[in-house]
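So the structure is just underneath, and the comments pick up after that.
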Amino acid sequence: MPSQWRSKFPTGAEIIRKAVELRPDSSLDPDRRLMRRRECEYEIFRSVEQAIELPHIKAGFATVDDFIARAQTILQRRKARSGHSLELHARAIFIEERLIEGTHFAHQPESEPGKRPDFLFPSVTAYRDGSFPSDRLRMLAVKTTCKDRWRQILNEADRIPVKHLLTLQEGVSENQFREMTHAGVRLVVPTGLTEKFPKSIQPHLQSLESFIADTRLLDL
Numbered sequence: 001m002p003s004q005w006r007s008k009f010p011t012g013a014e015i016i017r018k019a020v021e022l023r024p025d026s027s028l029d030p031d032r033r034l035m036r037r038r039e040c041e042y043e044i045f046r047s048v049e050q051a052i053e054l055p056h057i058k059a060g061f062a063t064v065d066d067f068i069a070r071a072q073t074i075l076q077r078r079k080a081r082s083g084h085s086l087e088l089h090a091r092a093i094f095i096e097e098r099l100i101e102g103t104h105f106a107h108q109p110e111s112e113p114g115k116r117p118d119f120l121f122p123s124v125t126a127y128r129d130g131s132f133p134s135d136r137l138r139m140l141a142v143k144t145t146c147k148d149r150w151r152q153i154l155n156e157a158d159r160i161p162v163k164h165l166l167t168l169q170e171g172v173s174e175n176q177f178r179e180m181t182h183a184g185v186r187l188v189v190p191t192g193l194t195e196k197f198p199k200s201i202q203p204h205l206q207s208l209e210s211f212i213a214d215t216r217l218l219d220l
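Be aware that the sequence shown starts at 1, since it is given in our numbering, and climbs by one per residue.
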């Protein structure tokens, strides 16, 4: 752990760069690479959290309000990390897989006023070109868990009817999956999590490796 991290919490991007450094895993497919790095990143996060927060906890608090304020800071940091880190991991893997940002994908572009999908493929230029076929455009939303939050992506990237959603959620019910499919949402799930889903759903899940392979064909 870099010494400066013991006194000031690093950004999410800094933690992920360290996870990539510790787990390059260049010989692994994108799905396994993602899961191993995500686990490593969580371990780094908890180690930094322990180093920074434990001294404050051991020192005690003068008032209950002080304790609550510290706890809220810790919890908010955990939520922020969980929500953003998967997106940063995906971006790093796209680049490693020789997808060029700005040419083969766009990260957090504005598809329409006030709408920013996590990723657009092949580019925001292609998306905004009305002559570019919509069936050769892809959108990827990223949510660690989908639950009811998957509906948030339905209004993103109006030109793209099928919304791909990368998630680490360990399974959804058949009823929820039918609802998602009917709404035009297709799940992208790392292969190691496929078995967590009902058997009837598993054939309809797309791996991250397969999704990346599909995006390579969009510009051809």
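Backbone N, C-alpha and C fix where the C-beta goes; we use that ideal spot for every residue, glycine too. Please read all numbers here as calculations on a predicted model, not as lab measurements.
Host beta strand (DSSP E) of residue i (start-end)
{"i": "residue 119", "result": "119-121"}
Per DSSP, cross-strand counterpart(s) of residue i
{"i": "residue 185", "result": "163"}
{"i": "residue 107", "result": "119"}
{"i": "residue 139", "result": "120"}
{"i": "residue 195", "result": "Paired residues: none, contrary to the question."}
{"i": "residue 101", "result": "105"}
{"i": "residue 112", "result": "115"}
Straight-line Cα distance separating residue j from residue i
{"i": "residue 216", "j": "residue 210", "result": "10 Å"}
{"i": "residue 77", "j": "residue 131", "result": "43 Å"}
{"i": "residue 225", "j": "residue 105", "result": "With the chain covering only 1 through 220, there is no way to say anything about residue 225."}
{"i": "residue 127", "j": "residue 111", "result": "7 Å"}
{"i": "residue 16", "j": "residue 87", "result": "11 Å"}
{"i": "residue 71", "j": "residue 33", "result": "32 Å"}
{"i": "residue 24", "j": "residue 9", "result": "23 Å"}
{"i": "residue 129", "j": "residue 54", "result": "53 Å"}
{"i": "residue 38", "j": "residue 29", "result": "14 Å"}
{"i": "residue 92", "j": "residue 157", "result": "22 Å"}
{"i": "residue 218", "j": "residue 40", "result": "32 Å"}
{"i": "residue 137", "j": "residue 67", "result": "49 Å"}
{"i": "residue 13", "j": "residue 177", "result": "32 Å"}
Segment limits, alpha helix (DSSP H) that includes residue i
{"i": "residue 214", "result": "208-216"}
8 Å contact criterion, which residue i and residue j should meet: CB distance rounded
{"i": "residue 171", "j": "residue 196", "result": "4 Å"}
{"i": "residue 81", "j": "residue 45", "result": "6 Å"}
{"i": "residue 189", "j": "residue 167", "result": "6 Å"}
{"i": "residue 160", "j": "residue 134", "result": "7 Å"}
Proximity test, Cβ basis, 8 Å: residue i and chain D
{"i": "residue 198", "result": "Within the model displayed, chain D is absent; a lone protein chain is all it includes."}
Inset, instruction - Run through the segment 6-77 for me and flag every whole alpha helix (DSSP H) of 4 or more residues, listed as ranges in chain order. - result: 12-22 and 30-59
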